[in-house]
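Numbering (my numbering), first residue to last: 1 to 228. For each residue, glycine too, the CB sits at the ideal point set by N, CA and C. Step one of this worksheet: look at the structure below.
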Amino acid sequence: MSLFRRTPAAQVDAVETERWRGRSAEMVDAGALPWQHVLSALKTAPEPGPDNTLDLPALVMAPLGLRWMEVTNRGTAGLGGLGDTVTSTETHIFSGTRYGRPVLMNQGNQRSGQKGAVVCWVSAATPHLSITGQDGRIVAEGSPPLEVSTFLARLSAQPRLWKHVHLVGGAEGVVVKRPITTLMHPQGWIYDLWLAEHLAHLTAYATLPAPDPASTYLPYRLDRAHTW
Numbered sequence: 001m002s003l004f005r006r007t008p009a010a011q012v013d014a015v016e017t018e019r020w021r022g023r024s025a026e027m028v029d030a031g032a033l034p035w036q037h038v039l040s041a042l043k044t045a046p047e048p049g050p051d052n053t054l055d056l057p058a059l060v061m062a063p064l065g066l067r068w069m070e071v072t073n074r075g076t077a078g079l080g081g082l083g084d085t086v087t088s089t090e091t092h093i094f095s096g097t098r099y100g101r102p103v104l105m106n107q108g109n110q111r112s113g114q115k116g117a118v119v120c121w122v123s124a125a126t127p128h129l130s131i132t133g134q135d136g137r138i139v140a141e142g143s144p145p146l147e148v149s150t151f152l153a154r155l156s157a158q159p160r161l162w163k164h165v166h167l168v169g170g171a172e173g174v175v176v177k178r179p180i181t182t183l184m185h186p187q188g189w190i191y192d193l194w195l196a197e198h199l200a201h202l203t204a205y206a207t208l209p210a211p212d213p214a215s216t217y218l219p220y221r222l223d224r225a226h227t228w
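Below, the structure written as structure tokens:
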């Protein structure tokens with residue numbers, strides 16, 4: 001299941017989309033906005049020139065300051081029934097530095113034979129955070145920092161967007177993971193990056209070394225298959 005399909009999109013105000021460019025930190029509730037606005041807000045680098053020869057994934061991610069790498073050895077393709085988790089022979093890997101912090105994104109199989117997932121890992125150490133999608137909202141478990149509770153309380157309910165999202169923060173960074181399913185929000189990864197970076201802006205106390213983009217390791221045991 002490709003997350004970079006060229007599919008018809010609902011009409012949005014192009015002027016408003018451009019107005020948001022590079023202003024993701026100002027978005028209070030990204031989930032309430034069209035994905036085009038959020039993607040524009042996440043852009044930190046120039047657009048590729050008209051003579052570029054980039055493939056579509058690289059073209060999309062270049063303005064986000066992320067480089068593309070593709071691997072094909074993390075599993076076999078499979079498509080289940082409606083709502084089932086999808087696996088693929090391809091894993092798209094994106095890495096780079098944003099706001100001075102290493103960022104790694106994986107889209108596809110995370111380990112050989114495991115369920116397909118979309119992962120965003122921001123290498124910024126934070127207090128312990130555990131946040132999941134519940135009843136259309138994203139909810140923190142335990143007693144998160146006050147700034148996190150205040151931030152989450154302002155987010156509107158978005159049942160399709162936040163379904164099955166799992167975020168963990170701590171000494172190894174902020175990681176967001178969601179399964180790739182036939183019913184997933186196709187642009188969910190855009191909102192995951194916004195969410196991870198926003199929480200890093202609020203709570204990070206140290207920048208961490210960049211992880212190896214070719215490694216299948218993820219902290220907090222998130223590199224293992226989960227039951228969603």
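(message) Let me check one thing: in DSSP terms, what residues is residue 36 bridge-paired to?
(response) Paired residue(s): none; residue 36 is not in a bridge.
(request) Per DSSP, which residues does residue 69 bridge with? Please list them. (result) DSSP, once it has assigned bridges, lists 93 as partnering residue 69.
(request) Let me know the secondary structure DSSP gives residue 121 once reduced to three states. (result) Strand at residue 121.
(message) Which of the three DSSP states is assigned to residue 21 in this structure?
(response) If DSSP states are grouped into helix, strand and coil, residue 21 belongs with coil.
(message) Measuring CB atoms only, is the segment 129–141 touching the segment 161–176, in the sense that at least three cross pairs come out at less than 8 angstroms?
(response) yes
(message) For residue 18, tell me which candidate among 64, 96, 117, 39 has the shortest Cα-Cα distance.
(response) 39
(message) Please state the DSSP three-state secondary structure of residue 130.
(response) strand
(request) Give a yes or no on contact between the segment 188–195 and the segment 212–220, applying the rule of three or more CB pairs nearer than 8 angstroms. (result) no
(message) Between 12, 41, 31, 13, which has its C-alpha nearest residue 25's C-alpha?
(response) That would be 41, whose Cα lies nearest to the Cα of residue 25.
(message) DSSP has residue 137 in a bridge; who is on the other side?
(response) 134
(message) The beta strand (DSSP E) that contains residue 49, what's its start and end?
(response) It is not in any beta strand (DSSP E) - residue 49 carries neither H nor E in the DSSP assignment.
(message) Looking at chain D, is there any beta carbon in it that lies within less than 7 angstroms of the beta carbon of residue 167?
(response) In the structure shown, chain D cannot be found, because there is only a single protein chain.
(request) Compute the distance between the beta-carbons of residue 180 and residue 125, then report whether it is under 7 angstroms. (result) no
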